[in-house]
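Student: FYI, our numbering numbers position 308 of the sequence shown as 620, with every residue one higher than the one before it.
The C-beta atom is built at its ideal place from N, Cα and C for all residues, glycine as well.
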Amino acid sequence: MYDYRQAIDRIMRQEVEAGQIAGAGYLLIQGGKERYFSVCGYGDREKKTPIERDTIFRLFSMTKPITAAAVMLLVERGELDLRDTVGSYLPAFGEQTVWNPQGEPVPVERATTIYDLLNMTSGIPYPENWEGCSPSGVLMDELFRELKQAQAGGQRLTTREWIDRIAAVPLAFQPGERWMYGLSADVLGAVVEVATGKRYGDFLREEIFEPLRMTDTGFCVPRDKRERFAQNYIWNGEKIGLEIYTDCNLGEYYGEDVSFESGGAGLVSTMEDYSHFARMLLQGGVYDGVRLLGEKTVRFMRQDRLSAGQKAALQWDSNLGCGYGCLMRVLTDQGAAGTIGSLGEYGWDGWTGNYMTIDPENDMIMLYFIQRCGYSSTSALRRLRNITYGALERMED
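(1) Starting from the Cα of residue 542, find the closest Cα among 348, 323, 313 and 357 and give me that residue.
(2) Given a cut-off of 8 Å, decide if residue 352 and residue 374 are closer than it, judged by their beta-carbon atoms.
(3) Measure how close the beta-carbons of residue 582 and residue 361 come, nearest whole angstrom, since I'm counting them as under 8 Å.
(4) In terms of residues, what are the limits of the alpha helix (DSSP H) holding residue 521?
(5) Do residue 378 and residue 579 come within 8 Å of each other at the CB atom, strictly closer than that value?
(6) Would you be able to state if there are at least three C-beta pairs under 8 Å between the region 659-670 and the region 681-694?
(7) Based on Cα-Cα distance, which residue from 477, 619, 587 and 444 lies nearest to residue 460?
(8) Can you tell me which residues form a DSSP beta bridge with residue 634?
(9) Rounded C-beta distance between residue 572 and residue 491? I'm assuming under 8 Å.
(10) Given a cut-off of 8 Å on the beta-carbon distance, is the pair residue 339 and residue 587 in contact?
(11) Label residue 624 either buried or exposed according to how many other C-beta atoms from any shown protein chain fall within 10 Å of its C-beta, with 16 as the threshold for buried.
(12) By Cβ distance, which residues of its chain are closer than 7 Å to residue 488, with the 5 residues on each side in sequence left out?
(13) Within the same chain, show all residues whose beta-carbon is closer than 6 Å to that of residue 302, passing over the 5 residues directly before and after it, in chain order.
(14) Give the straight-line distance between the Cα atoms of residue 603 and residue 331, rounded to the nearest whole angstrom.
(15) Helix, strand or coil for residue 350, going by three-state DSSP, please let me know.
(16) Would you mind stating whether residue 655 and residue 635 have Cβ atoms separated by less than 8 Å?
(17) Starting from the C-beta of residue 598, find all residues in its chain whose C-beta is less than 8 Å away, skip the five residues before and the five after it, and write them out in chain order.
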């Protein structure tokens with residue numbers, strides 16, 4: 313007899329046995345209950361450390377939904393306004409420029425707002441260096457090389473110092489013109505620091521992690537938790553296999569002296585911790601009797617906020633059939649996405665392959681955590697999603 317749990321285990325085992333990943337964890341919550349939790353392989357292949365429920369993972373871009381929640385928490389409290397200009401908090405953004413058709417930086421037509429940052433329509437790129445990328449991306453890549461070199465040399469530049477340097481790079485397009493994945497969430501982290509007068513990590517700990525009992529989530533991995541910190545891997549095409557990734561991609565640094573707290577990619581967490589955050593969103597802002605956000609705020613967060621023109625650039629494989637808002641994708645077209653998922657399901661994934669989806673219609677959360685650079689939106693993930701959705705009517709109380 314068919315058992316969806318065996319099918320989930322088979323997919324993860326095949327990925328590990330094929331050498332595509334070192335290890336994986338899967339967690340399914342539906343109807344307010346944990347329906348299935350499964351792990352396979354190693355958190356650290358070289359040390360033979362198995363994946364466990366409390367394995368600590370690099371979140372990379374799964375940091376972004378937490379940053380969106382932090383911003384909306386301040387919106388609820390009247391400490392931020394979505395129409396506020398970024399420059400009103402960070403003066404370095406007060407005189408931004410953008411490339412004109414002649415390839416020259418000129419003043420922006422209007423100032424970038426908090427709302428632009430939340431929807432990735434700010435024109436602030438990630439570091440890029442490939443044929444056809446924007447000149448802004450190339451300049452950002454040069455800047456990040458400089459900043460990472462300084463960090464590697466022992467300098468501990470603060471979040472504000474990193475973000476103020478980012479502000480000097482001309483935008484790739486006029487604010488609000490279109491969607492483009494970039495450093496918007498990192499800028500939001502600095503905005504939160506100014507609005508609250510606290511380091512970003514301290515604000516998250518006090519206002520989100522402690523209320524949600526996310527005890528292993530933060531911007532550093534303390535020495536006494538290092539044994540639980542999963543190794544990060546990258547595919548070596550020449551050797552045809554995984555190798556340990558030792559580079560610094562976006563300034564990530566998990567030591568106890570961390571100073572740049574990246575709102576877009578800097579957090580670490582466990583599957584258990586992140587499930588508390590996901591449950592809070594699914595339950596309209598409440599986790600285990602503690603209200604973190606208002607229900608209307610969560611409804612706002614899970615809606616598509618892009619116009620048709622802005623959405624034209626939202627063509628990543630993982631975003632097909634989706635809109636975007638509050639630093640998360642929102643499913644709007646099952647056919648285009650090639651999924652049997654529900655319209656309105658939302659979430660995000662990270663560069664190392666971690667994935668979250670939240671489905672209000674089916675009262676469901678699915679988490680899938682791995683640590684392989686550039687390995688999101690895989691066939692294995694799509695299969696796990698479809699197995700999960702196909703099993704919803706088979707789950708027993």
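Tutor: Looking at the coordinates:
(1) It is 357.
(2) Contact flag unset, no.
(3) Their Cβ separation, rounded to whole angstroms, is 14 Å, which puts residue 582 and residue 361 out of contact at 8 Å.
(4) Segment: none, residue 521 is in no alpha helix (DSSP H) and carries neither H nor E.
(5) Yes, the pair counts as a contact, with Cβ atoms nearer than the cut-off.
(6) Pairwise C-beta distances place the region 681-694 in contact with the region 659-670, as three or more of them are shorter than 8 Å.
(7) Taking only the C-alpha atoms, the option nearest residue 460 is 477.
(8) Listed as beta-bridge partners of residue 634 by DSSP are 643.
(9) About 25 Å separates the beta carbon of residue 572 from that of residue 491, a gap too long to meet the 8 Å contact definition.
(10) Taking 8 Å as the cut-off, the beta carbon of residue 339 is found closer than this to the beta carbon of residue 587.
(11) Classification for residue 624: exposed.
(12) Cβ-Cβ distances below 7 Å link residue 488 to 428 and 433 in the same chain, with the five nearest sequence neighbours on each side left out; the list follows chain order.
(13) This structure cannot speak to residue 302, because the chain is shown only from 313 to 709.
(14) For residue 603 and residue 331, the distance between alpha carbons rounds to 42 Å.
(15) In the displayed model, residue 350 falls within a strand according to three-state DSSP.
(16) No; because the gap between Cβ atoms is not below 8 Å, this pair is not in contact.
(17) Cβ within range, chain order: 592 and 604.
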